[in-house]
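Asker: Numbering (our numbering), first residue to last: 11 to 176.
No residue lacks a Cβ here, since even glycine has one placed at the ideal position from N, Cα and C.
For reference, the structure I am asking about is given below.
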Amino acid sequence: MAINFLSWNCHGVRSHIDDIKSILNKYQPVCLGLQETYLSPVDTVKIKFYNIIRKDYTQGARASGGVALLISKHFPFIEIPLTNVIQAVAIQLQIDVLVTVCFIYLPPNQNYTQNELDDLINQLPQPFILMGDFNGHNPIWGSPDINSPQGHIFFRCDGIHDPEVP
């Protein structure tokens with residue numbers, strides 16, 4: 011059986027619910043991470059055969075950003091409580107081994123520090139998979155943008171330590 015983990019910046023769960031259901035039906039992923047969910051705490055989302063955990067983000071009265079994780083009901087999981095400022099959700103589930111899966115959204119207009127990202131990573135039991143929309147750009151990934159704070163932070167986190175990266 012194939013194990014699929016998918017991630018999509020959906021730009022609004024409610025406005026793309028049919029697309030989300032289509033993706034789930036076609037690919038039948040273990041997990042589908044959604045970024046920019048635009049959900050507020052009063053919004054309810056239910057999708058057949060999937061559990062959902064989420065971290066909503068609101069600015070004033072308006073929902074913006076946000077991240078959600080849809081988990082197949084065929085896979086028991088435990089939610090990992092995260093205590094940080096980053097828009098992220100994480101679970102542990104048993105596949106062949108116990109693995110942590112974390113989905114993250116880093117808005118392009120918010121600059122997170124290396125310490126904030128390290129704090130998130132330190133909360134994740136190993137081994138872990140980190141997926142999402144990082145809005146990170148770095149020349150090593152083929153981007154001409156050399157000034158992306160998120161790109162530099164994640165470049166450092168991927169185990170590559172290049173003295174040329176400020």
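Would a C-beta distance cut-off of 9 Å place ILE30 and CYS41 closer than the cut-off?
Answerer: Cβ distance not < 9 Å, so ILE30 and CYS41 don't count as in contact.
Asker: Going by C-alpha to C-alpha distance, which of LEU116, LEU140, THR123 and LEU127 sits closest to ILE101?
Answerer: For ILE101, the nearest C-alpha among the options comes from LEU140.
Asker: With ILE38 and ASN61 assumed to form a contact (beta carbons below 8 Å), what rounded beta-carbon distance in angstroms separates them?
Answerer: In the sequence on display, residue 38 carries Gln and not Ile. The pair is not a contact, with the Cβ atoms about 15 Å apart (cut-off 8 Å).
Asker: Given GLU89, which residues of its chain have a CB within under 6 Å of its CB, disregarding the five upstream and five downstream residues?
Answerer: Counting only Cβ-Cβ distances below 6 Å, and skipping sequence neighbours, we find ILE63 and ILE101.
Asker: Just the Cα atoms here: how many angstroms apart are ASN145 and LYS56?
Answerer: If you take the alpha carbons of ASN145 and LYS56, they lie about 28 Å apart.
Asker: Run through DSSP, which three-state label would ASN121 get?
Answerer: Correct three-state label for ASN121: coil.
Asker: Helix, strand or coil: which one does DSSP assign to ILE63?
Answerer: Strand at ILE63.
Asker: Quick check: the Cα distance between HIS26 and LEU108, rounded to an integer number of angstroms?
Answerer: Answer to the nearest angstrom: the Cα atoms are 32 Å apart.
Asker: Between the C-alpha atoms of ASP53 and THR123, what's the straight-line distance to the nearest angstrom?
Answerer: Each residue's Cα considered, the two are about 30 Å apart.
Asker: What do you reckon, are the CB atoms on GLY43 and VAL77 nearer than 9 Å?
Answerer: In contact: GLY43 and VAL77 (Cβ atoms closer than 9 Å).
Asker: Quick one: complete beta strand (DSSP E) runs, 3+ long, within the segment 14-88?
Answerer: Runs of the beta strand (DSSP E) inside the segment 14-88: 15-19, 41-45, 60-65 and 77-82.
Asker: Tell me the DSSP bridge mates of ASP143?
Answerer: DSSP lists TYR115 as partners of ASP143.
Asker: So, ALA98 versus ILE114, is the Cβ gap smaller than 9 Å?
Answerer: Yes. Within cutoff.
Asker: Check whether the Cβ atoms of LEU103 and ASP143 sit closer than 9 Å, and answer yes or no.
Answerer: Cβ atoms of LEU103 and ASP143: not closer than 9 Å.
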